[in-house]
Structure formats: structure tokens, C-alpha cells
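Convert by adding 2 to the 1-based position in the sequence shown; the result is the number in our numbering. Structure first, commentary second.
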Amino acid sequence: MMKYLTALLILFSELVSAGDFHLTVSGQPVARILLESTNGEDVSEQIRLFNSCLRKITGTELPVGNNQLPNVIRIAIRSTTRLEEVYDWEISFPRHGEMRIESGKYGLFNALNALLEKAADCRFLGIENCMFQYEPKNTLSLPAQSFRSPAGFSFYRGGWLIPNHRAELGLGGNPYFHFKHGIPVFAFPAEKYKKEWPAVIMPVQKGKKLKRPKQLFYYWQPCYSNPETAGIAASNILEKLKRKPELSITLAVNDNFGYCECPDCIKMDRNAPKSIFSNDKQNHSASYYTFVNRVAEAVCRVHPRLKIGVLAYFDTITPPPFPVHENVVPMLTLDTVQGAIDPEVKKNHFAMIREWGKKVPAIGIWEYCWGRNFLIPRVNFAHQAETLKYLYAHGGRAYFMENSQIADALDGPKTYITSRLLKDPSLKLDDILNEWYERFSGPDAAPYLRELYHRCELYWTSEEMKKSPAFRTCRYVYAYPTPLYLFSLQPEFSFGLVKLAAQVREHARTDQEKQRAELLLRHFEQVDSRVSFQGWAYTASESGEFYTLENALGFFSMLQREWGRLTAQHQRAIKYFSRADISAKYSNYCAMKLVEPDPAVLLADGFLKAFAFIDVPDVAAEAEKTCSLPGMPGSIRKIADSMRNGVNVLAGKTWSQLDVRSGIPFAADSETTCKGKDTIRLFPAAPGIKTDSEFVIVEKAPTGRWAVSLKLFTASKTGKADLCLWASRKGKSDNWEEMRQILIPTGRWQPFSRTCKVQGKNDSVNIILRFSGFKPGESVHVGGIRLVRIE
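Now the structure itself:
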């Protein structure tokens, strides 16, 4: 043992002469960590994470405390007194054998990560365990030359992430910057108003004065125009800050609208410019930022350095036509991927960033661009980097991510780009991408990985996407998680991603690279099987439906041809994501139904797209042949039989006998028939009709799965429609889904079909039609309606 220690010390002394600071030598620690001062902060978690990574790389950890190792790392935690310094850190070497790390508590994460990167040449490529990229090394050292944090987004860097490795990525957030929905937190503390809320602050809604909120953070706002509202808020905030000092407070609006409709609020917001969001019907910036300014003036006279976080959100995204207090930090709620898809959206987003940057010294973004619920990675790396750099140049100092990705390996380098640019916006995108691709899968596999994500980028900007309903939602505040984006799938697209992912796995070298490549491959295998089973993948359709008889026949032909490959892929993917070690790490991925273990659930969607054509003998024959494929779930045959032979519960009822609840004028029409039966004629653009008016049929429906099909006919060249089938209770819909608004082909009967499950307290279904694009005098006929219980 003594011989080993002597040899180690001799080796260490020789290495020291090179002027480097050593952490480990030959798999043994030669440095200790000494907490010089912690300022009352607990930093044990940061040190534990650092040591856990060090153990993976070297097989050892650095001890904490006084011992006899020759090198020392002194950590000094300073007080955080300004938001601008939350993430700052500095590493210096004041004397031989000594390293000093000076930072705030939340800067220490970044300092230790920078130390690991410099000494071990490792990277945190994403939030999953397998995304920690390193090469085993026994000896770790770095030049004894001082370095420090670059200037970056200094107020906030964080979001809703799986917690595995968000700290190492520098995306753990901090408790100093308050900006989330918070009217009942600082301005009107809920604990203060348990018995009664001040009447003067409460809004008028639908002609009545609200007495107290039904939900604290939702569906109501105080009366922003009233000076007394601001006075009470300022008094509450000053009282709260006296008890507990803060670097910031939040005055962010409550969620889901609920603005005051009193005469003063209406007058103040009258003639406001239209929002950049097409699903944002109002603009309350004038009344809201008047309130914010009044509160800021009063509070910041006492606390001149206090920052005030707000959300430039629904109804408040547009800057007001007057100055905003310099301490206010607006967080713009944007889905920046939408700007990559639609150039007009990018123009609007950048205009908002630019205009807010002129109003106040510091701004931020509440980002919705993440990949939750999307099977095809929703990425555009060039636009992502451009937006972050543009934001920083115009005062961007805070970044929060909502709708976070389920697994970074599936969103590609998206999180990595964000984490690097938030720390240092001067970095070049190409350097970040090259590093991520090579470190993810190795240099031989990197070209295939790059091509895979390039194809995903092209998918979202394709001509097919521009024709889809998903493109029409680009001007919403964020992308709703509906299947609209899958309508643009072209034949072989998803299988092409599988082939590229297979090449990535084949050319991966190390165990780490193979582990990451397998996650990628299994994901795209199950995606390809899923979209094929569901009838999305074999043909692009603007509606996501089978528009023609040929579509329906083509679906069954594709299944018969590809059945063996698709089922094998699906089984491999399900086996992979069902493993205990995988399912625990990707519980969100599985819970969000990005993985569906039961192929029958997926196949049912595809079969039901053919529902409108099932009375055609050729379609019935091909459906029967497909049901006979080996391993086809028995429930699919039952569904096919129900499609053909199920009882249409609407059969024999005239239109007058149906429970129709319509905001659109309609009349029965015996002259225009469908399958020899009378139709109903609707006038969607009649005078006085609201744009969101619906034609609804309510029908009693016992528990089970239901399918509806009908046909529309119009001479309009611009008319659009959507059909939904929602479970309901006493006629009130229990579901919510973004309407698709699909162009109806002119001059021919166009089939539509939908399905839903009736369960729990539901006792009926609502068959809903909504229209747009019709001109005055134009009409649309509805006929051939069938409602069948299929299981």
C-alpha cells in the first residue's frame, strides 16, 4: 500500500510541475472540497451532483471537508442581492494547489458544470440519464487559469423539465425572480381575504359584480382601471416586503381571461390594436399596464431596485400606448416554432420583442415551443437560435419554458441549444449543433442524425403543412396538442425516419452512444407503426380523413402489405418502453400517450376513417381481408362488423325529430337528397351569425365507443367545415378540441367521420358542425348521417 501511495505522490508531483490543477490522479482524488462560506445556503445538492458525475467519469469522488489531500477547492457562496447576478460565478487560482469558486447558490451549479466540462471534456446533452456524455478517465486536470461566467440571460433560466439533469443543463430556475400568474400572491394575498374580498377591486362580469373568486388563479381579474385597486395592491405588497424582503414580485395576470367589464375598464381599453394572436379576441393592455404602473410607482419609491414580473399574455401581449415603469419585466408568451412555420408569425413575434425592448430595460419570454404531445420532433434550430439572440439583443434576460419536451433525445439538440445560448448568446449555432450531433452518436453516425432532424425541420415548413389546419393555428398563442400536424404526413416519411435512426444505431460506437441511439430508434419505430395503424402515414390529407374511396382502399392495401414490419416495430418499441429502467425514466413520455401499447386502439382509428365508405362492397371486402391478417386483434373485427351492420340510432328520424341546437339558420330540403333521403340546408354566413356559431345534434348514448359519419355538399369555393363528436352530459360537451376547419371540395358530397367514448357521468353525444369561409347567400347541405355504437 505504501509503495502505491509513494508512486501516486511521485506521479502527482511530476504532473503539478506542468502548471495544471488536478482533481484526480490514477482514479484517486488529489483535491478536497472546502466550504469556506455558505452564507446560510445549503449547497449539498450541487456538490452531490458534481461528485456523482465525477464518479461516473473517474470512479471516485472528491471528499468534502478538512483532510490531507494536497489540493483544495474553496467554495464561497455570496449573497444574491440583484437579479443580474443570480447565475454569476468565477473560478480562480489564488495560489499553487488552490482553486476558489465564488458564486451565489444558483451560480454554483453552473460553475461546477463548467469545471466538469473543462476538466473532463464532458457534456450534458439533455435531461435524461443517458444524455450525460463523457469518456472514462482516471486523471482529471485543468489549466490553473481563472475563468468566469459569460454574460447571458441573468434573471431566470428554467422551465417545466423532467428533473433528472435540469440543474446540470443550467435550467433549474431560481426563487428570486417572480413572474408567474400571481395576482392572489403579492397584490391581493389570498390568505388575507379568506372571509371577504374588497368590493372595490372585484370585477364586473356579465353585468354583475363578482363578490369573490371561484378559483384564485383562474377566470377573474381585478378591476384594473380603478386607482383604488392599485392602491390596495401597493399597500399589500409593501406590507409583505416588510415581513419578507424580495428581489422581485409578480403582478402577472390570472389565467383564462375574466377581465372587468365595468364602464371605466371598457372605456380605457376601447380602440386598442388587435392582438398578434388570432385566438385572442380582446386587448386589455391599456387598463392592465395602467394598474401595473400605478403599483410600480408606489412600491418602487420604497424599493427602487425591486423588479416586477408580468406576463405579456392573452389580452396583454401588446405594449400599451404609454411608457411602462422601468422596473417592470414583461415575459412575452410566445411559441417560437410557430414563427419558423409561418413567416408572418415570425414578423409579429419579432415586432413584439422589439417594441417591448423599447419600453423597458429588461424583458423575457415564456416559451411554448417544446415538444410535448408531438410525435414528429417540432424543431427548427436556426429559427430557435435566431430568436434567442434577437431577444437578448433587445433586453432579453429571462427565459421560462412551458410544454416541456418529454425526452430530449426526441427533440434533438433543442434543449442543448437553449441551455448554451442562455448562458452565452454569442455562441455560434453551427458549433453547438456539430458538437451535439457528434457527442450524441459519434462522428460516423452524426451525418445520419443530422439528416433525421433536418427532415423533421422540413416537415414543419413543407407545402403540405401550409395546406393543413395546423398551419392555420400558427397564429395562436401556442400549438394545441391535437393531431392536426399529422395531416401533412407523406407516404414513407415516418419509415424514412426509422431508416435514419437505424443508421445512427448501426454507426454508434460506445455503449453511451448505442444507448442514446436505441432510444431514438425505438421512438421512431413506434411512431411509424402508430401513424400507419391510425391511417395518417400512407397518404397526406388536408383533413386527416379518407376523402375518397381510393383513400379507404389504399389504407387496407397498405396494412396488408406492411403488416409484418409494422407489428414487429411496434412490439419492439413497446417492449423497450415497458422495461422497468426505461418506463421509470420516461414516465411522462408514456403517460402522455406518445406510446400506445395496445395496437387495437390505434388500428380502430384507421378502420373508422373508412366508416363513411363501408357500404361500398370493395371496401367491405378489403376490410374483411385485413381483419384476417395473422395477429390482428379480435376487437378490430368486431369494430369492422359494427361499422357494416351496427344500428344507426338516427335511422327513421326526420330532422324535426332530432334534438337540434343550432346558432345557424337551417331548413329541411327534400329537393337535394343524399342516398335518396332528405337533407338539411344550412346558411353559415346569414346576417348576424357569429363566427363561432355551431350546428349541434344531441343524442342520448349509453356507455361505449360511438362513431358518426355524414356528408356535406356545397357550391362554395371557400367554405370550410369541421365535424366533432363529443361525449356530453345533458347536452353539455365534456370534451374540448381545436376545430380543424377543412376546405370542403366544391360540387361533390364529402364524407366526414369522427369517434368518441361515452363513459362516467356522460349520458349523450354531441354531433357538432362548425363552419367558416362561407360568403353571404352561400349554403351547405348535410345528409347521409349515421350514428353507430361500435363497441
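Positions of the beta carbon are idealized from the N, C-alpha and C atoms, including for glycine. Since the structure is predicted, the reported quantities are computational estimates derived from the model, not experimental observations.
First through last residue of the alpha helix (DSSP H) which encompasses Q528: Numbered from 1 along the sequence shown, position 526 holds the residue referred to as residue 528. 513-535 is the extent of the alpha helix (DSSP H) around Q528.
Could you say which of W372, H180, C262, E248 lies nearest to K210 if we only look at CA atoms? Here residue 210 refers to the residue found at position 208 when the sequence shown is read from its first residue. Nearest of W372, H180, C262, E248 to K210, Cα basis: C262.
Extract the residue ranges of the beta strand (DSSP E) inside the segment 304-373, only unbroken runs of 3 or more that lie entirely within it. 309-314, 330-336, 365-369
Residue interval of the alpha helix (DSSP H) (run including C55): The count along the sequence shown starts at 1 and reaches residue 55 at position 53. 46-60 is the extent of the alpha helix (DSSP H) around C55.
I408 versus H525 - alpha carbon distance: Locating residue 408 in the sequence shown gives position 406, counting from the first residue. Locating residue 525 in the sequence shown gives position 523, counting from the first residue. Bear in mind that the predicted position of I408 carries a pLDDT of just 46, short of 50, making it unreliable; the figure below should be weighed with that in mind. Approximately 12 Å, taken between the alpha carbons.
Rounded to whole angstroms, what's the CA-CA distance from A570 to L596? Just pull it up for me. The residue you call residue 570 lines up with position 568 of the sequence shown. The residue you call residue 596 lines up with position 594 of the sequence shown. Going from the Cα of A570 to the Cα of L596 covers about 18 Å.
Three or more C-beta pairs under 8 Å: does that hold for the segment 282-289 against the segment 330-337? no
Give the single residue among F259, I378, Y195, Q340 whose Cα lies nearest to the Cα of L313. As a first step, residue 313 must be located in the sequence shown, where it is residue number 311. Closest option to L313, Cα to Cα, is F259.
From which residue to which residue does the alpha helix (DSSP H) around P265 run? Position 263 of the sequence shown holds residue 265. That run of the alpha helix (DSSP H) goes 265-270.
Which one or two residues does DSSP pair with V662 in a beta bridge? One-based indexing of the sequence shown puts residue 662 at position 660. Answer is I699, bridged to V662.
Taking the alpha-carbon positions, what's the N140 to A33 distance? For this step, residue 140 is matched to residue 138 along the sequence shown. For this step, residue 33 is matched to residue 31 along the sequence shown. Their backbone Cα atoms lie some 14 Å apart in a straight line.
Is there contact here, the segment 480-489 with the segment 363-375, by at least three beta-carbon pairs under 8 Å? yes
Test item: CB-CB of G106 and L424 under 8 Å: Residue 106 sits at position 104 when you count from the first residue of the sequence shown. Residue 424 sits at position 422 when you count from the first residue of the sequence shown. No, the Cβ-Cβ distance between G106 and L424 is not below 8 Å.
Output needed for F776: all residues of its chain with C-beta closer than 6 Å, excluding positions within five of it in sequence on either side, in chain order. Translated into the one-based positions of the sequence shown, residue 776 becomes position 774. So the list reads P686, A687, S718, G721, once near-sequence residues are dropped.
Euclidean distance between Cα positions of A625 and L561: Taking the sequence shown and counting its residues from 1, the one referred to as residue 625 is at position 623. Taking the sequence shown and counting its residues from 1, the one referred to as residue 561 is at position 559. For A625 and L561, the distance between alpha carbons rounds to 10 Å.
May I ask you to list the residues that DSSP assigns as paired with G566? Numbered from its first residue, the sequence shown carries residue 566 at position 564. None; G566 has no bridge partner.
K194 to S580, Cα distance in whole Å? By 1-based counting over the sequence shown, the position of residue 194 is 192. By 1-based counting over the sequence shown, the position of residue 580 is 578. The straight-line gap from Cα to Cα measures roughly 48 Å.
Taking the alpha helix (DSSP H) that F497 falls in, what are its first and last residues? By one-based count along the sequence shown, residue 497 stands at place 495. Note, F497: alpha helix (DSSP H), 495-509.
Need the endpoints of the beta strand (DSSP E) that A447 sits in, please. Residue 447 sits at position 445 when you count from the first residue of the sequence shown. First-last for A447: undefined, no H or E at that position.
Own chain partners of I434 with C-beta closer than 6 Å, once the 5 adjacent residues on each side are dropped: As a first step, residue 434 is located in the sequence shown; it is residue number 432 there, counting from the start. Excluding positions up to five away in sequence, the list reads I419, R422.
DSSP beta-bridge partners for T705? As a working note, residue 705 is residue 703 in the sequence shown. Beta-bridge pairing links T705 to no other residue.
Check for me: the beta strand (DSSP E) holding N768 runs from which residue to which? As a working mapping, residue 768 is identified with position 766 in the sequence shown. Taken as a continuous stretch (DSSP letters only), the beta strand (DSSP E) holding N768 covers 766-774.
Span separating the alpha-carbon of N131 from that of C55: Within the sequence shown, numbered from 1, the residue matching residue 131 stands at position 129. Within the sequence shown, numbered from 1, the residue matching residue 55 stands at position 53. Cα to Cα, the separation comes out at about 11 Å.
If we define contact as Cβ-Cβ less than 8 Å, is E701 a contact residue for chain B? The displayed structure is made up of one protein chain only, and chain B is not part of it.
Do you know offhand how far R102's Cα is from E248's? For this step, residue 102 is matched to residue 100 along the sequence shown. For this step, residue 248 is matched to residue 246 along the sequence shown. One C-alpha to the other measures close to 29 Å.
With DSSP as the reference, label D724 as helix, strand or coil. The sequence position of residue 724 within the sequence shown is 722, counting from 1. Residue state, collapsed to three classes: strand.
With DSSP collapsed to three states, give me the class of K611. The sequence position of residue 611 within the sequence shown is 609, counting from 1. Helix, per DSSP.
From the DSSP secondary-structure annotation, give me the bridge partner or partners of N73. For this step, residue 73 is matched to residue 71 along the sequence shown. Answer is A33, bridged to N73.
Using three-state DSSP, classify A539 as helix, strand or coil. By 1-based counting over the sequence shown, the position of residue 539 is 537. Note: A539 maps to coil in three-state DSSP.
Using 8 Å as the threshold, is the C-beta distance between P632 and L605 below it? Stepping through the sequence shown from its first residue, residue 632 is reached at position 630. Stepping through the sequence shown from its first residue, residue 605 is reached at position 603. Going by C-beta atoms, P632 is not nearer than 8 Å to L605.
Can you list, in chain order, the residues of its chain whose CB lies under 7 Å from that of A602, leaving out five sequence neighbours each side? Here residue 602 corresponds to residue number 600 of the sequence shown, with the count starting at 1. P635, S637, I638.
Secondary structure of I378, DSSP reduced to three states: Taking the sequence shown and counting its residues from 1, one reaches residue 378 at position 376. Correct three-state label for I378: coil.
Whose C-beta lies closer than 6 Å to the C-beta of V66 among residues of the same chain, with five residues either side of it excluded? Mapped onto the sequence shown, residue 66 falls at position 64. The residues are I35.
Would you report the Cα separation of G341 and G29, rounded to the nearest angstrom? To locate residue 341, count along the sequence shown from 1; it is residue 339. To locate residue 29, count along the sequence shown from 1; it is residue 27. Approximately 49 Å between the Cα atoms of the pair.
Under the three-state DSSP convention, the category I408 falls into: Start at 1 with the first residue of the sequence shown, and residue 408 comes out as number 406. For I408, the predicted model reports a pLDDT of 46, less than 50, meaning its position is unreliable; a value from the coordinates is still stated below. In the structure shown, I408 sits in coil (DSSP, three-state: anything other than H, G, I, E or B).
Nearest residue (CA-CA) to F52, options I641, R125, L85, E437: Position 50 of the sequence shown holds residue 52. Per the Cα distances, R125.
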